[in-house]
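Accompanying notes for the structure given below.
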Amino acid sequence: MSEEHPDLFNEEIQTTEYEGSIVIVLNLSLVTLLVLLGLSMVAPILPTYAESFQVSYIFVGFVISSFALARMFLDIPAGLLSKKFDKKKIMIGGLVLIYISSILAGIASDYIILVIARLIEGAGSALYVTTATVYLAQISGKEKRGQWMSFYMGMLLLGSIFGPTFGGIIADAYGIRAPFFAYALIMGLGIIPTLVLPR
């Protein structure tokens, strides 16, 4: 690995004091679970919600793919940012963007606002998930890296499993916009444990 392209996973987080800390691993895994829980909560209602703005199926499809579009362009820059800047601040910034995007999507008055909200959500997701993954890989140490990464990915998938059902229940009970506000609430809660992470 050349100096121009350093290995993000071989650098320690400032000191080795926190290496192998299960508390940090659980913290990162819990918040990532919340991110994926919220993201997948809106999945069942998103096509119907987009269609309510009287757009064609092509534009409905773009609303869904706009999140991934933002992720595609920002995942690599997010990884580079996590190398040069405070990871904790980047993760908090990502969660704040997701929080804002969820509220914006919930109050959207037209299709364009919904697309903008989804793009912001994708940007926030890229900042948080990419940085959290790098943080976890560094803090876990080489011996336990595989074990903790497997646990982290399992929690990520757990959020994706339960999110759609919860989103459907909330939409049935409180309306089609409600899952977005529930998502915002979950992200607000997710910011709290992130605040106590070491830099």
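The numbering used here puts the first residue of the sequence shown at -18, with every later residue one more than the last. Even for Gly, the Cβ is constructed at its ideal location relative to N, Cα and C.
Near residue i, what residues of its chain come up, given a Cβ to Cβ distance below 8 Å and the 5 sequence neighbours on each side ignored?
| i | result |
| --- | --- |
| Ala152 | Pro25, Ile26, Ala159, Pro160 |
| Gly169 | Tyr80 |
| Gly60 | Leu(-11), Thr111, Thr112, Val115 |
Select from the options the residue whose C-alpha is nearest the C-alpha of residue i.
| i | options | result |
| --- | --- | --- |
| Arg180 | Met72, Phe54, Val12, Phe40 | Met72 |
| Gly105 | Ala49, Asn8, Phe162 | Ala49 |
| Tyr80 | Lys125, Asp91, Val12, Phe162 | Phe162 |
| Ser63 | Asp91, Val36, Tyr92, Thr114 | Thr114 |
| Tyr92 | Glu32, Val177, Tyr164, Val12 | Glu32 |
| Gly196 | Gly135, Gln128, Val23, Ala86 | Outside the modelled stretch of the chain, which goes from -18 to 180, sits residue 196, for which no answer is possible. |
| Tyr164 | Lys65, Leu61, Ile3, Gly87 | Gly87 |
| Phe147 | Gly19, Ile3, Ser10 | Gly19 |
| Ser2 | Glu124, Phe54, Ile173, Gly135 | Glu124 |
Would a check of beta-carbon distances place residue i closer than 8 Å to chain B?
| i | result |
| --- | --- |
| Lys123 | No chain B appears in this structure, which consists of one protein chain only. |
Could you check if residue i is buried or exposed, using at least 16 other CB atoms within 10 Å of its CB as the buried criterion?
| i | result |
| --- | --- |
| Ala118 | buried |
| Ser131 | exposed |
| Ser37 | exposed |
| Val44 | buried |
Indicate whether residue i and residue j have their beta-carbon atoms separated by less than 8 Å.
| i | j | result |
| --- | --- | --- |
| Ile167 | Leu15 | yes |
| Ala183 | Ala98 | Residue 183 is absent from the model: the chain starts at -18 and stops at 180. |
| Tyr116 | Gly75 | no |
| Leu17 | Leu137 | yes |
| Thr112 | Asp56 | no |
| Thr175 | Lys68 | no |
| Gly140 | Ser21 | yes |
| Leu181 | Phe34 | Since the first residue of the chain shown is -18 and the last is 180, residue 181 is not available in this structure. |
| Ala51 | Gly103 | yes |
Residues in its own chain within less than 6 Å of residue i by CB, not counting five upstream and five downstream?
| i | result |
| --- | --- |
| Ile157 | Ile26, Tyr30 |
| Phe(-10) | Only weak support is given to the placement of Phe(-10): the predicted model assigns it a pLDDT of 46, under 50, and the value that follows is read from those uncertain coordinates. Only Ala118 meet the Cβ criterion. |
| Phe40 | none |
| Gly171 | Val12, Leu15, Leu76 |
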